[in-house]
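Sequence positions in the sequence shown follow the numbering used here and run 7 to 207.
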Amino acid sequence: MAQNCPFFLLLATSVALGVSAGPTPLPDDPGCTAADRVFMARAFELARQGVASGNGPFGAVLVRDGRVIAEYHNQVRTMTNVIQHAETGLIAAFSPKLDRATFSASTLYASSEPCTMCCGSIRFAGIGRVVYGVTESQFERIITGIDETNHLGSKEVFARTAPQVKVLGPLMEAEGLIEHEKYWPTHVNPSRPRPSEARKP
Ligand SMILES: [Zn+2]
């Protein structure tokens with residue numbers, strides 16, 4: 007039966023192709039729904055658009071009552087603005103147009119787990135529910151090349167600062183990791199340099 011498992015197939019394909027194994031994808035959060043998968047697929051598409059536009063592989067979608075009401079992707083590089091993450095960028099762009107009741111009744115789909123800055127933005131926008139694709143500690147391993155075991159996850163951040171925000175994830179992590187594994191080996195994150203790069207003068 008294990009041969010029918012998607013992860014087994016991915017691993018077997020990687021071994022056959024001689025590809026080094028990246029982080030092992032984590033199982034989906036059992037609280038996620040079929041509709042969550044549809045909107046997460048859109049967040050991954052936006053992450054790919056981010057890369058195509060010259061930015062990092064991060065996308066976000068805001069959904070209310072099954073309808074997309076806002077979309078955004080990372081624009082840190084093209085706007086030369088470190089707070090232009092997909093989630094905070096979306097909130098900054100759309101908060102003048104959306105009232106707090108709308109944010110509260112919406113779900114934010116983030117292709118990757120929101121960082122602490124974005125958790126703060128989500129909290130202050132009053133967004134009621136968050137679903138993320140790739141766990142931050144997973145793509146951190148790809149970015150930095152090390153196991154970031156002291157990682158502070160969004161579930162802990164929200165539990166301590168805004169427990170009213172419902173957070174689910176990971177979801178479809180294997181698919182979401184693909185873009186990170188394509189992107190980061192040829193790019194440097196200034197805020198998360200690899201140890202070898204951090205030592206350079
Ligand atoms: Zn962020």
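All C-beta atoms in this analysis are idealised placements derived from N, C-alpha and C, irrespective of residue type, glycine included.
Item: Assign S110 to one of three DSSP states: helix, strand, or coil.; Value: helix
Item: Please list, following the chain, all residues that have a C-beta closer than 7 Å to any non-hydrogen atom of ligand 1.; Value: H91, E93, T94, P120, C121, M123, C124
Item: Is DSSP giving H186 helix, strand or coil here?; Value: helix
Item: Relative to the alpha-carbon of G72, which residue among F50, T113, G60 has its alpha-carbon at the smallest distance?; Value: T113
Item: Use the C-beta contact count for V74: other C-beta atoms within 10 angstroms, 16 or more gives buried, fewer gives exposed.; Value: exposed
Item: What is the residue span of the beta strand (DSSP E) that I75 lies within?; Value: 73 to 79
Item: Are the stretch 176 to 194 and the stretch 134 to 146 in contact at 8 Å, needing three or more beta carbon pairs?; Value: yes
Item: Where do the ends of the alpha helix (DSSP H) carrying V57 lie?; Value: 40 to 58
Item: Taking buried to mean at least 16 other C-beta atoms within 10 Å of its own C-beta, is Q81 buried or exposed?; Value: buried
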